[in-house]
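Undergrad: This is the structure, below, for whatever I ask next.
In our numbering, the protein residues as written are 6 to 490.
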């Protein structure tokens with residue numbers, strides 16, 4: 006059987022936030038672009054499993070690409086989210102000190118942040134901390150007014166949908182199995198298809214070292230570092246209006262266990278930092294989760310376990326090995342003609358994703374002529390949230406489309422019309438996880454106990470899927486295996 010061939014200017018490997026941002030920025034030009042992704046949707050790895058924070062840039066070494074691109078990303082993030090219709094809120098952030106050593110660390114972080122170009126960093130006394138957030142423990146803090154929160158999954162979806170609207174094609178369930186340099190550029194075998202591209206962008210995250218090796222560039226070693234999280238109920242508004250972090254400790258694999266409100270009103274506790282060998286191990290573990298909650302209560306003593314509604318884990322693609330800890334700088338470079346490697350893009354990679362994408366554009370320009378499109382569309386419109394509208398606007402929607410009058414997810418007040426829009430998304434994704442993160446159904450207190458069967462039934466009855474074809478995240482995650490009657 007002859008394999009399907011695609012002739013391209015640019016092929017992007019990986020549909021996380023950085024890969025999708027690169028696709029969107031390159032779609033400004035008259036180029037043939039495709040993205041291949043081994044999973045069934047965008048943001049299936051690190052981009053969809055994190056703290057959902059837009060960092061200010063004070064944690065990174067002055068002069069590093071991490072620092073420069075994080076600050077640039079932070080300062081343009083709000084405008085980008087407006088363009089893409091992505092939930093975003095500039096909350097500020099507190100880093101809390103519990104002893105004199107922590108206070109010294111905060112002083113150094115303020116100086117480092119100012120050197121990086123961060124704005125408004127302020128050291129607070131214990132009294133000033135109590136005045137700002139009386140329920141938080143500690144003897145002092147640093148306040149960062151430029152830190153924000155957002156929805157990282159919807160952000161990645163929005164980048165991808167905008168790229169599709171501007172001519173980019175996405176290929177899901179399409180793992181890369183071979184890469185070969187050829188006279189015209191690169192020949193990539195993925196998902197049983199052949200892609201011929203003048204330029205190859207390795208945005209494979211946890212697998213970027215493996216992809217570089219396949220392309221003939223050895224030496225990159227990615228160390229997966231797991232971070233586990235609790236999800237608390239929608240209690241953020243009365244308890245926690247902004248992220249609260251401990252002062253960071255030297256040698257840790259992350260920023261320490263912290264508390265973060267989400268744009269949906271929940272509170273996240275985490276992450277832990279545990280080096281693993283398996284880049285797919287996103288399990289939650291009892292010992293680590295118990296430690297998480299103990300550390301969270303040190304920051305916010307009023308927390309109780311009865312507020313927990315869920316848990317998850319994500320993996321950072323670290324270049325720094327376990328014995329070293331901390332961070333190594335982003336790798337963003339052309340390692341061979343037409344091969345752009347993006348390696349070690351861990352936090353603050355989401356914040357820096359657009360500036361990283363612009364770096365990619367500059368590197369692609371070495372191989373491809375970049376002719377701007379006259380009809381590039383920078384805006385993207387998301388699903389209109391019924392629960393956020395006034396009663397008058399809700400009534401008008403129901404009059405225009407009766408499906409807005411049927412609430413399927415009671416916890417989050419998600420209507421059948423919103424679910425329909427999530428199913429009919431521009432990327433063609435029809436997994437339950439894809440619907441969940443686009444419409445926010447199944448994320449409430451009952452975690453889908455009421456609405457998940459109704460969503461599965463809708464996929465079968467309205468969209469023609471066989472029950473055995475209804476999956477959570479794609480192949481390997483079926484919800485049904487047969488009938489009992």
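Cβ coordinates follow ideal geometry from the N, Cα and C atoms, glycine included.
1. Which partner residues of residue 196 appear in the DSSP bridge assignment?
2. Note down the Cα distance separating residue 336 from residue 71, rounded to an integer number of angstroms.
3. For residue 189, does the count of other Cβ atoms within 10 angstroms reach 16, so buried, or fall short, so exposed?
4. Using a Cβ-Cβ cut-off of 6 Å (strictly less than) and excluding sequence neighbours within five positions of residue 387, which residues of its own chain qualify?
5. For residue 230 versus residue 320, is the C-beta distance shorter than 8 Å?
6. Can you tell me where the alpha helix (DSSP H) holding residue 379 begins and where it ends?
7. Using DSSP with H/G/I as helix, E/B as strand and the rest coil, what is residue 98?
8. Hey, would you say residue 93 sits closer than 8 Å to residue 377, going by beta carbons?
9. Measure the alpha-carbon distance for residue 345 versus residue 159 and round it to whole angstroms.
10. How about residue 121 and residue 356: do their beta carbons lie closer than 8 Å?
11. Does the region 223-243 touch the region 312-328, meaning 3 or more C-beta pairs lie closer than 8 Å?
12. For residue 198, I'd like the list of residues in its chain whose CB is within less than 8 Å of its CB, leaving aside the five on either flank, ordered along the chain.
13. Please state if the CB of residue 304 and the CB of residue 264 are separated by a distance shorter than 8 Å.
14. Does DSSP classify residue 280 as helix, strand or coil?
15. Quick one: give me the first and last residue of the beta strand (DSSP E) that residue 155 is part of.
16. Spatial neighbours of residue 150 within its chain, please: C-beta separation below 6 Å, excluding the five flanking residues on both sides.
17. Going along the chain, which unbroken runs of the alpha helix (DSSP H) with 4 or more residues stay wholly within the region 137-219?
18. Can you tell me the Cα-Cα spacing of residue 215 and residue 352, whole angstroms?
19. Considering only the beta carbon of each residue, do residue 101 and residue 251 sit closer than 8 Å?
20. Tell me whether residue 146 is buried or exposed, calling it buried when 16 or more other Cβ atoms sit within 10 Å of its Cβ.
21. Can you list, in chain order, the residues of its chain with a C-beta nearer than 8 Å to that of residue 475? Leave out the 5 residues immediately preceding and following it.
22. Using the three-state DSSP reduction, which class does residue 341 fall into: helix, strand or coil?
23. Judging by CA-CA distance, which residue of 417, 270, 435 is the nearest neighbour of residue 478?
24. Looking at residue 272: is its Cβ nearer than 8 Å to the Cβ of residue 240?
25. When the Cβ atoms of the region 160-169 are set against those of the region 383-401, are three or more pairs found closer than 8 Å?
26. With DSSP run on the structure shown, which of helix, strand or coil describes residue 318?
27. Just the C-alpha distance for residue 60 and residue 470, rounded to the nearest angstrom, thanks.
28. Once the 5 residues before and after residue 222 are set aside, which same chain residues still bring their CB inside 8 Å of it?
29. Based on Cα-Cα distance, which residue from 19, 58, 47 lies nearest to residue 268?
30. Entirely within the region 447-474 and at least 4 residues each: give me those alpha helix (DSSP H) ranges in chain order.
31. Which one or two residues does DSSP pair with residue 272 in a beta bridge?
32. Determine the extent of the alpha helix (DSSP H) in which residue 440 is found, giving its start and end residues.
33. Tell me whether the beta-carbon of residue 19 lies closer than 8 Å to the beta-carbon of residue 42.
34. Give me the Cα-Cα distance between residue 313 and residue 451, rounded to the nearest whole angstrom.
35. Write down every uninterrupted run of the alpha helix (DSSP H) in the region 39-112 whose length is 4 residues or greater and which is fully enclosed by it, in chain order.
36. Would you call the CB atoms of residue 115 and residue 134 closer than 8 Å?
TA: According to the structure shown:
1. If you number the chain shown from 1, residue 196 lands on position 191. The partner list for residue 196 (beta bridge, DSSP) is empty, contrary to what the question assumes.
2. As a first step, residue 336 must be located in the chain shown, where it is residue number 331. As a first step, residue 71 must be located in the chain shown, where it is residue number 66. Looking at the two C-alpha atoms, the distance is approximately 9 Å.
3. If you number the chain shown from 1, residue 189 lands on position 184. Under this definition residue 189 is an exposed residue.
4. On the chain shown, position 382 is the one that residue 387 refers to. Excluding residues within five positions, the ones whose Cβ falls inside 6 Å are 90.
5. Indexing the chain shown from 1 puts residue 230 at position 225. Indexing the chain shown from 1 puts residue 320 at position 315. For residue 230 and residue 320, yes; Cβs fall inside 8 Å.
6. Translated into positions along the chain shown, residue 379 becomes position 374. Unbroken run through residue 379: none, as it is neither H nor E.
7. By 1-based counting over the chain shown, the position of residue 98 is 93. Three-state result, residue 98: strand.
8. Counting from one through the chain shown, the residue named residue 93 turns up at place 88. Counting from one through the chain shown, the residue named residue 377 turns up at place 372. Against a cut-off of 8 Å, the Cβ pair of residue 377 and residue 93 comes out as no contact.
9. Reading the chain shown from its first residue, position 340 is the one you call residue 345. Reading the chain shown from its first residue, position 154 is the one you call residue 159. In a straight line, the C-alpha of residue 345 is about 26 Å away from that of residue 159.
10. As a working note, residue 121 is residue 116 in the chain shown. As a working note, residue 356 is residue 351 in the chain shown. No, the Cβ-Cβ distance between residue 121 and residue 356 is not below 8 Å.
11. yes
12. Taking the chain shown and counting its residues from 1, one reaches residue 198 at position 193. Result list for residue 198: 8, 9, 10, 11, 176, 179, in chain order.
13. Locating residue 264 in the chain shown gives position 259, where the first residue counts as 1. Locating residue 304 in the chain shown gives position 299, where the first residue counts as 1. In contact: residue 264 and residue 304 (Cβ atoms closer than 8 Å).
14. Reading the chain shown from its first residue, position 275 is the one you call residue 280. Residue 280 falls in the strand class under three-state DSSP.
15. Counting from 1 along the chain shown, the entry for residue 155 is found at position 150. Unbroken beta strand (DSSP E) run through residue 155: 153-155.
16. In the chain shown, residue 150 corresponds to position 145, counting from 1. Closer than 6 Å at Cβ, skipping near neighbours: 97, 125.
17. 157-170, 213-219
18. As a working mapping, residue 215 is identified with position 210 in the chain shown. As a working mapping, residue 352 is identified with position 347 in the chain shown. Rounded to the nearest angstrom, the two C-alpha atoms are 20 Å apart.
19. Within the chain shown, residue 101 is the residue found at index 96, counting from 1. Within the chain shown, residue 251 is the residue found at index 246, counting from 1. It is a contact, given that the beta carbons lie within the stated cut-off.
20. By one-based count along the chain shown, residue 146 stands at place 141. Looking at its Cβ environment, which holds 16 or more other Cβ atoms inside 10 Å, residue 146 is buried.
21. Your numbering for residue 475 matches position 470 in the chain shown. Hits under 8 Å: 437, 461, 464, 465, 483, 484, 485.
22. Residue mapping note: residue 341 aligns to position 336 of the chain shown, counting from 1. Here residue 341 sits in strand by DSSP.
23. Indexing the chain shown from 1 puts residue 478 at position 473. Minimum Cα distance to residue 478 is reached at 435.
24. As a working note, residue 272 is residue 267 in the chain shown. As a working note, residue 240 is residue 235 in the chain shown. For residue 272 and residue 240, yes; Cβs fall inside 8 Å.
25. yes
26. Start at 1 with the first residue of the chain shown, and residue 318 comes out as number 313. Strand.
27. Here residue 60 refers to the residue found at position 55 of the chain shown. Here residue 470 refers to the residue found at position 465 of the chain shown. If I take the Cα positions, the gap works out to 41 Å.
28. The count along the chain shown starts at 1 and reaches residue 222 at position 217. Closer than 8 Å at Cβ, skipping near neighbours: 340, 341, 344, 346.
29. Residue numbering aside, residue 268 sits at position 263 when the chain shown is read from its first letter. Per the Cα distances, 58.
30. 457-468
31. Translated into positions along the chain shown, residue 272 becomes position 267. According to DSSP, residue 272 bridges with 237, 266.
32. Here residue 440 refers to the residue found at position 435 of the chain shown. Unbroken alpha helix (DSSP H) run through residue 440: 437-444.
33. By one-based count along the chain shown, residue 19 stands at place 14. By one-based count along the chain shown, residue 42 stands at place 37. Their beta carbons are under 8 Å apart, which means residue 19 touches residue 42 by this criterion.
34. Working through the chain shown from its first residue, we reach residue 313 at position 308. Working through the chain shown from its first residue, we reach residue 451 at position 446. Spanning the two alpha carbons is a distance of roughly 11 Å.
35. 70-89
36. For the purposes of this step, residue 115 is taken as residue 110 along the chain shown, with counting starting at 1. For the purposes of this step, residue 134 is taken as residue 129 along the chain shown, with counting starting at 1. No, they are not a contact pair.
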